[in-house]
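The structure under discussion appears below in the form of structure tokens.
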Amino acid sequence: MNQASTHTDLVDIAIIGAGPGGLSAAHALANRGFTVGVFEQAQVLRPIGAALGLAEQGYAALNDISPALSQQVRAQATNPKRQLLMRPNGEVLFADESPMAGTSFTWLGWYNLQACLYKALPDSAQLNCDHSLIEFVSEPDTPIRLKFHNQADRFARVLVGADGYHSVVRKQTVGDGPPLYTGTMTWRGVLPRQALAPLADPFIEGAGFQLVVGNQKNFWMKDAGADQIAWGGTAPQANPEKSESALKTVLQVFEGWPPIVQQMIRATDPLSIIETGVFDREPVTQWGDGQCVTLLGDAAHPIRPALGKGTTLAFEDAVTLANVLDGVTLTDRSAVSAALSSYEHQRIEVTAPLQKKAREQGLASHADDRAEQLKRGFEAVLANRRK
Ligand SMILES: Cc1cc2nc3c(=O)[nH]c(=O)nc-3n(C[C@H](O)[C@H](O)[C@H](O)COP(=O)(O)OP(=O)(O)OC[C@H]3O[C@@H](n4cnc5c(N)ncnc54)[C@H](O)[C@@H]3O)c2cc1C
Numbered sequence: 456m457n458q459a460s461t462h463t464d465l466v467d468i469a470i471i472g473a474g475p476g477g478l479s480a481a482h483a484l485a486n487r488g489f490t491v492g493v494f495e496q497a498q499v500l501r502p503i504g505a506a507l508g509l510a511e512q513g514y515a516a517l518n519d520i521s522p523a524l525s526q527q528v529r530a531q532a533t534n535p536k537r538q539l540l541m542r543p544n545g546e547v548l549f550a551d552e553s554p555m556a557g558t559s560f561t562w563l564g565w566y567n568l569q570a571c572l573y574k575a576l577p578d579s580a581q582l583n584c585d586h587s588l589i590e591f592v593s594e595p596d597t598p599i600r601l602k603f604h605n606q607a608d609r610f611a612r613v614l615v616g617a618d619g620y621h622s623v624v625r626k627q628t629v630g631d632g633p634p635l636y637t638g639t640m641t642w643r644g645v646l647p648r649q650a651l652a653p654l655a656d657p658f659i660e661g662a663g664f665q666l667v668v669g670n671q672k673n674f675w676m677k678d679a680g681a682d683q684i685a686w687g688g689t690a691p692q693a694n695p696e697k698s699e700s701a702l703k704t705v706l707q708v709f710e711g712w713p714p715i716v717q718q719m720i721r722a723t724d725p726l727s728i729i730e731t732g733v734f735d736r737e738p739v740t741q742w743g744d745g746q747c748v749t750l751l752g753d754a755a756h757p758i759r760p761a762l763g764k765g766t767t768l769a770f771e772d773a774v775t776l777a778n779v780l781d782g783v784t785l786t787d788r789s790a791v792s793a794a795l796s797s798y799e800h801q802r803i804e805v806t807a808p809l810q811k812k813a814r815e816q817g818l819a820s821h822a823d824d825r826a827e828q829l830k831r832g833f834e835a836v837l838a839n840r841r842k
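For the sequence shown, the working numbering begins at 456 and goes up steadily by one.
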């Protein structure tokens with residue numbers, strides 16, 4: 456059967472993935488009058504992840520989607536005030552005001568962002584958890600059929616793959632194989648601030664950021680707002696295979712580092728620690744099928760975290776996608792196709808150069824004199840500010 460079997464099976468736009476990209480797109484598209492189904496593989500949304508940086512550009516994009524939403528997200532975030540930079544042997548290289556203090560740059564918990572976007576979803580956008588997309592079938596003149604693991608098929612006029620690095624939608628549209636592993640593994644966690652009280656500098660004076668750099672590894676701890684501290688570590692690893700126990704592995708990787716590093720890791724719920732490789736891809740000239748399927752966020756332009764722009768780019772994708780689809784009749788395949796190719800063209804022009812830049816900067820983050828480079832950079836910012 457090619458047709459949607461009942462009216463309730465069919466939405467105007469299906470979005471795969473309830474990360475920041477998928478949920479922000481759900482807002483943007485629902486605000487333009489479309490019915491939206493968001494399909495997420497997780498059984499429930501739960502507090503995982505660490506913290507992410509969001510600067511003015513990210514809030515500006517959210518503001519374009521909804522000023523109220525942008526304010527709600529900003530209320531969850533914090534601007535770092537103090538910064539500490541250390542070597543793994545405990546030598547302090549920098550302890551001062553944060554170079555980001557007083558700017559519009561903020562940190563916020565990944566889950567706090569996700570929860571904020573989810574709770575504010577308009578009625579015309581429905582989140583369906585426990586829906587892991589296996590494949591889609593798109594044929595002329597019929598809605599797209601979405602096939603999920605252990606769930607009934609669903610139907611949509613337009614499909615947006617916001618399903619991250621390992622996108623299933625991308626596998627069918629671009630078909631460029633798995634993402635490219637960069638040789639770096641990451642571990643991330645988040646914990647309530649009280650779990651570590653009393654905290655030492657820089658956290659003692661409010662929003663703080665502590666960075667320990669050396670031996671081609673990085674470990675950072677940051678105030679993530681909403682009384683949470685988030686941490687993350689990166690280290691070179693030959694392959695992106697996950698270990699049996701992320702807790703055990705990350706403790707080993709950072710063994711002998713300053714005591715706060717080990718304390719932070721041990722105080723984290725082991726089940727909430729995320730262990731993932733860092734991936735990217737070569738930019739491509741088309742994301743979708745040229746008809747009624749496209750990609751958004753990390754699925755479209757996976758970017759190394761070096762520039763802290765992943766979330767901002769996803770929000771901007773959402774704004775552009777809603778703009779091009781505004782007023783389009785979704786049963787008109789050629790109008791949809793023209794709108795999606797305009798979206799892809801506009802966004803690839805912005806994201807492709809950034810993917811390349813992030814790759815270059817990502818390589819630099821494991822340089823032997825990285826700690827010295829960072830110290831000089833922080834001092835230069837403060838010297839400029841204090842002139
Ligand atoms: C759990 C998690 C934690 C993260 N933590 C951080 C962090 O601490 N700091 C940071 O800078 N960045 C983090 N990121 C990455 C950051 O959120 C993204 O770079 C950026 O926000 C773009 O988001 P996205 O929505 O495009 O992709 P993602 O955030 O990767 O979201 C993709 C979503 O799609 C879902 N999905 C994947 N495949 C399927 C499928 N087949 N069917 C249905 N659903 C599917 C995933 O479960 C996920 O919810 C995290 C991502 C995830 C998934």
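Glycine included, every Cβ here is placed at the ideal spot set by N, Cα and C.
Cα-Cα separation, residue i to residue j
i	j	result
T806	P653	42 Å
A819	R612	44 Å
S700	W686	17 Å
T786	F770	26 Å
T731	K536	29 Å
L776	P757	18 Å
H586	F833	45 Å
G711	N544	8 Å
N778	A485	12 Å
M676	I659	13 Å
N457	E495	Low local confidence applies: a pLDDT of 34 at N457 is under 50, so the model's placement there is unreliable, and no value is given.
A516	L572	14 Å
N567	P647	13 Å
D847	K574	What is shown of the chain runs 456 to 842, which leaves residue 847 out entirely.
T597	Q671	53 Å
L837	P634	38 Å
K697	P760	19 Å
M719	A773	35 Å
F489	G474	20 Å
Proximity test, residue i beta-carbon vs ligand 1 heavy atom, cut-off 6 Å
i	result
I857	No answer is possible for residue 857: it lies beyond the span of the chain, which begins at 456 and ends at 842.
L588	yes
V613	no
D618	yes
V528	no
E495	yes
L507	yes
P475	yes
W686	no
I471	yes
G817	no
W742	no
D753	yes
W565	yes
T766	yes
V836	no
V623	yes
P760	yes
A777	no
A769	yes
Status (buried if at least 16 other CB within 10 Å, exposed otherwise) for residue i
i	result
D753	buried
R841	exposed
G630	exposed
R721	exposed
P554	buried
R843	Any property of residue 843 remains undetermined from this structure, which presents the chain solely from 456 to 842.
H482	buried
L726	exposed
I589	exposed
N673	buried
G508	buried
T740	exposed
V499	exposed
S479	buried
P691	exposed
S622	buried
G844	Outside the shown range of the chain (456 to 842) lies residue 844, about which nothing can therefore be said.
G644	buried
Q707	exposed
D678	buried
K602	exposed
Q569	buried
E799	buried
K764	buried
Enumerated in chain order, which unbroken segments of the beta strand (DSSP E) with a length of 3 residues or greater are wholly contained in the region 801-838?
-> none
What runs of the alpha helix (DSSP H), each 4 residues or longer, lie entirely inside the region 549-621?
-> 565-574
Output the residue ranges of the beta strand (DSSP E) runs that lie fully inside the region 652-726 and measure 3 residues or longer, sorted by chain position.
-> 663-669, 672-678, 683-691
Of all the beta strand (DSSP E) runs that stay within the bounds of the region 745-786, which reach a length of 3 or more residues?
-> 748-750
4 or more residues per run - each alpha helix (DSSP H) lying fully within the region 465-511 | 475-485
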